[in-house]
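Engineer:
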Amino acid sequence: MAIQGIESAVQQLQQAARAAGAVSEQPQSGGGFAGMLSAALDKISDTQNQARVQSEAFATGNSALGLNDVMVDLQKTSISLQTGVQVRNKMVAAYQDIMNMSV
17 MAIQGIESAV QQLQQAARAA GAVSEQPQSG GGFAGMLSAA LDKISDTQNQ
67 ARVQSEAFAT GNSALGLNDV MVDLQKTSIS LQTGVQVRNK MVAAYQDIMN
117 MSV
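Position one of the sequence shown corresponds to residue 17 (the numbering used here), numbered consecutively onward.
The following block contains the structure:
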């Protein structure tokens, strides 16, 4: 299941990469920057999916977790998404600075 915030961030990063011609459509599985970025976005998505599943299980009464555990996981998810958005914003700003440099 895709998360809209993550999908939007991934699309913007892919557009910037295509414009720069630095990264192909498929993320590299190696130790390159694109691979690390893809892994970080996948981790954010996994964290959100796990928190969603835990909150649904708690709401239906199928979980042994307490409310405090579910709320902590939801806050971790929120913080990781906010961090990802801020990293994306910094990357876009750096890309724009580089593109505005005179040669």
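For glycine and all other residues, C-beta sits at the position ideal for the given N, C-alpha and C.
Tell me which residue opens and which closes the alpha helix (DSSP H) that Gly100 is part of.
Structural biologist: Position 84 of the sequence shown holds residue 100. Leu83 to Met115 is the span of the alpha helix (DSSP H), which, as asked, contains Gly100.
Engineer: Using the Cα positions of Ser71 and Ile114, report the straight-line distance between them to the nearest angstrom.
Structural biologist: Along the sequence shown, read from residue 1 onward, the residue named residue 71 stands at position 55. Along the sequence shown, read from residue 1 onward, the residue named residue 114 stands at position 98. Whole-angstrom Cα-Cα distance: 43 Å.
Engineer: Going along the chain, which residues of its own chain have a beta-carbon closer than 7 Å to the beta-carbon of Thr63, five neighbours each way excluded?
Structural biologist: Sequence index remark: in the sequence shown, residue 63 carries index 47 (1-based). Only Lys92, Thr93 and Ser96 meet the Cβ criterion.
Engineer: Give the single residue among Asn84, Asp58 and Gly48 whose Cα lies nearest to the Cα of Gly100.
Structural biologist: The count along the sequence shown starts at 1 and reaches residue 100 at position 84. Ranking the options by Cα distance to Gly100, first place goes to Asp58.
Engineer: Closest to Ala67 by C-alpha separation, out of Val108, Gln112 and Asp89, would be which residue?
Structural biologist: Here residue 67 corresponds to residue number 51 of the sequence shown, with the count starting at 1. Ranking the options by Cα distance to Ala67, first place goes to Asp89.
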